[in-house]
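Under this note's numbering, the first residue of the sequence shown is numbered 2, with each subsequent residue one higher.
Virtual Cβ for every residue (Gly too), placed ideally from N, Cα, C.
In this text, all values refer to a predicted model and were calculated from it rather than measured experimentally.
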Amino acid sequence: MSTDEKQSDHLIEGHHQQSLLTLIESLQSEIQHLHAQLAGPKKLTYAEVAQVCRVIEHRLHLLGTACAKKDLTDYVSSQAPALVPDPSMKQDEAVQLKGLSEPNSPMCDIIIYRHPLSEIGYIASFLFLSVLAFYASAQYPWSVQYVSFGQWLMIPIPFFALVPLVIGAFVVHRLYDCRYVISHDHVRAVSGLLSLSEKDVRVDYENVRGIQVDMSLIQKAFQLGDVYIGSSMHADVEIIMRGVLYPRRIREEIEERIKHHFARLSRNTIVERVRAIQPSYEE
């Protein structure tokens with residue numbers, strides 16, 4: 002056996018074995034991720050597939066270079082701790098940390114509106130006044146006015162129905178005037194969807210200062226509450242999700258996405274640093 006072959010066996014069987022196994026598992030994770038995306042219902046663009054293929058190509062090149070260059074495997078082992086899973090992690094969390102996530106995470110956006118149970122008082126008033134307006138209109142026919150459109154079309158307009166109609170419009174406005182979006186890298190609050198003016202507030206996960214849940218005694222019975230999201234860019238609370246269902250789960254989801262976002266940024270930075278020092282194919 003030649004000296005080079007002995008050295009190669011020593012590299013694989015020695016302290017570089019964990020680094021090589023990590024690179025192989027990362028490569029396998031990327032291939033499985035690409036297969037799942039291609040087999041899924043969502044159609045991918047050529048640019049998205051090319052980006053994943055470039056990551057796979059990079060890992061293949063890094064794997065081949067790691068078998069021949071001792072300094073590169075040492076660099077990966079020392080500079081890429083995010084690629085090596087923590088033994089205390091669960092298996093699914095470790096698999097997610099091994100693979101290189103793309104800038105566009107596969108996590109879908111979560112769209113949240115104010116839950117109808119948060120407006121249960123107005124909804125109960127609307128139903129009660131609607132029944133009362135129907136009864137009053139039947140008892141007092143003079144309260145029903147007819148508006149004619151042409152010679153054959155007559156539309157009845159009950160006077161007592163105006164009050165529940167206004168309350169119903171008010172409830173719809175409160176439920177759907179604000180929309181909250183939890184994305185893979187930010188949280189947005191869009192208010193004024195049913196108003197003349199619209200306000201769009203976005204807080205990136207890098208700037209999230211804290212997340213607080215506020216629930217009253219009645220809201221606890223219905224699992225409702227408000228979620229306050231603070232930002233390091235402003236002293237006041239940046240986003241308030243009012244009247245949302247399961248506010249604690251929303252806070253946990255945001256915290257989980259923040260953790261994955263920072264892990265993805267760390268992995269991308271590490272891979273770019275490794276890519277900067279690896280030789281080109283022409284070399």
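Label His261 either buried or exposed according to how many other C-beta atoms from any shown protein chain fall within 10 Å of its C-beta, with 16 as the threshold for buried. On the sequence shown, position 260 is the one that residue 261 refers to. It is buried - the Cβ of His261 has at least 16 other Cβ atoms within 10 Å.
Relative to the alpha-carbon of Leu184, which residue among Ser144, Met242, Ser27, Ile111 has its alpha-carbon at the smallest distance? Along the sequence shown, read from residue 1 onward, the residue named residue 184 stands at position 183. The question names Leu, but residue 184 in the sequence shown is Ser. The residue with the shortest Cα to Cα distance from Ser184 is Ile111.
Where do the N-terminal and C-terminal ends of the alpha helix (DSSP H) with Gly122 fall, by residue? As a first step, residue 122 is located in the sequence shown; it is residue number 121 there, counting from the start. Per DSSP, Gly122 belongs to the alpha helix (DSSP H) from 121-140.
Short check: CB of Cys54 to CB of Leu39, under 9 Å? Taking the first residue of the sequence shown as 1, we reach residue 54 at position 53. Taking the first residue of the sequence shown as 1, we reach residue 39 at position 38. Not a contact, by the Cβ cut-off of 9 Å.
Note the first and the last residue of the continuous beta strand (DSSP E) segment covering Leu187. To locate residue 187, count along the sequence shown from 1; it is residue 186. In the sequence as displayed, the identity of residue 187 is His instead of Leu. 187-192 is the span of the beta strand (DSSP E), which, as asked, contains His187.
Give a yes or no on whether the C-beta atoms belonging to Ile251 and Arg180 are separated by under 9 Å. As a working mapping, residue 251 is identified with position 250 in the sequence shown. As a working mapping, residue 180 is identified with position 179 in the sequence shown. Not in contact: Ile251 and Arg180 (Cβ atoms no closer than 9 Å).
Assuming Ser119 and Gly244 form a contact by the criterion Cβ under 8 Å, report the distance between their Cβ atoms to the nearest whole angstrom. Locating residue 119 in the sequence shown gives position 118, where the first residue counts as 1. Locating residue 244 in the sequence shown gives position 243, where the first residue counts as 1. So it is a contact: roughly 3 Å between Cβ atoms.
Mind checking which residues open and close the beta strand (DSSP E) that includes Lys200? Within the sequence shown, the letter at position 199 stands for residue 200. Where Lys200 is concerned, the enclosing beta strand (DSSP E) stretches over 200-205.
What do you reckon, are the CB atoms on Val202 and Glu254 nearer than 9 Å? In the sequence shown, the residue the question calls residue 202 occupies position 201. In the sequence shown, the residue the question calls residue 254 occupies position 253. Not closer than 9 Å, so no.
Buried or exposed: Gly100, going by 16 or more other Cβ atoms within 10 Å of its Cβ? To locate residue 100, count along the sequence shown from 1; it is residue 99. Low per-residue confidence applies at Gly100: pLDDT is 35, beneath 50, and the placement is therefore not dependable enough to give any value.
For a test of the three-state rule: what should DSSP assign to Cys179, helix, strand or coil? The residue you call residue 179 lines up with position 178 of the sequence shown. Correct three-state label for Cys179: strand.
Could you give the DSSP three-state label for Gly41: helix, strand or coil? By 1-based counting over the sequence shown, the position of residue 41 is 40. Coil.
Residue range of the unbroken alpha helix (DSSP H) whose run includes Leu218: Residue 218 sits at position 217 when you count from the first residue of the sequence shown. Residues 218-222.
Using beta-carbon positions only, say whether Ala162 and Ser126 come within less than 9 Å of one another. Here residue 162 refers to the residue found at position 161 when the sequence shown is read from its first residue. Here residue 126 refers to the residue found at position 125 when the sequence shown is read from its first residue. No, the pair does not count as a contact, with Cβ atoms beyond the cut-off.
Output needed for Tyr229: all residues of its chain with C-beta closer than 6 Å, excluding positions within five of it in sequence on either side, in chain order. Taking the sequence shown and counting its residues from 1, the one referred to as residue 229 is at position 228. Within the same chain, Tyr229 has close Cβ partners Gln213, Val238, Ile241.
With 16 other Cβ atoms within 10 Å as the buried cut-off, status of Leu154: Locating residue 154 in the sequence shown gives position 153, where the first residue counts as 1. It is exposed - the Cβ of Leu154 has fewer than 16 other Cβ atoms within 10 Å.
Quick check: what's the CA-CA separation for Thr74 versus His59? Within the sequence shown, residue 74 is the residue found at index 73, counting from 1. Within the sequence shown, residue 59 is the residue found at index 58, counting from 1. With a pLDDT of only 43 at Thr74, under 50, the local geometry of the prediction cannot be trusted, and no value is derived from it.
Between the C-alpha atoms of Phe263 and Leu197, what's the straight-line distance to the nearest angstrom? Translated into the one-based positions of the sequence shown, residue 263 becomes position 262. Translated into the one-based positions of the sequence shown, residue 197 becomes position 196. Rounded to whole angstroms, Phe263 to Leu197 spans 37 Å at the Cα level.
For Ser149, which residues in the same chain have their Cβ closer than 6 Å to its Cβ, ignoring the five residues on either side in sequence? Residue mapping note: residue 149 aligns to position 148 of the sequence shown, counting from 1. Answer for Ser149: Met155, listed in chain order.
Buried/exposed call for Ser217, threshold 16 Cβ in 10 Å: Stepping through the sequence shown from its first residue, residue 217 is reached at position 216. Exposed: under 16 other Cβ atoms inside 10 Å.
Check whether the Cβ atoms of Val188 and Glu199 sit closer than 9 Å, and answer yes or no. The residue labelled residue 188 in the question sits at position 187 within the sequence shown. The residue labelled residue 199 in the question sits at position 198 within the sequence shown. No. Outside cutoff.
Beta strand (DSSP E) containing Leu225: first to last residue? Mapped onto the sequence shown, residue 225 falls at position 224. That run of the beta strand (DSSP E) goes 225-232.
Closer than 8 Å by C-beta to Val173: which residues in its own chain qualify, once you throw out the five before and the five after it? Chain order, please. Within the sequence shown, numbered from 1, the residue matching residue 173 stands at position 172. Hits under 8 Å: Leu195.
Applying the 10 Å Cβ sphere with the 16-neighbour rule, what's the burial state of Tyr206? Walking along the sequence shown from the start, residue 206 turns up at place 205. Tyr206 is buried by the Cβ-count criterion.
With 16 as the cutoff for other CB atoms within 10 Å, does Gly122 come out buried or exposed? Stepping through the sequence shown from its first residue, residue 122 is reached at position 121. Burial call: exposed.
Have a look at Pro248 and Gln152 and give me their C-alpha separation to the nearest angstrom. Along the sequence shown, one-based indexing puts residue 248 at 247. Along the sequence shown, one-based indexing puts residue 152 at 151. Spanning the two alpha carbons is a distance of roughly 55 Å.
Measure the Cβ-Cβ separation of Gln146 and Phe160 and say whether it is below 9 Å. In the sequence shown, residue 146 corresponds to position 145, counting from 1. In the sequence shown, residue 160 corresponds to position 159, counting from 1. Cβ atoms of Gln146 and Phe160: closer than 9 Å.
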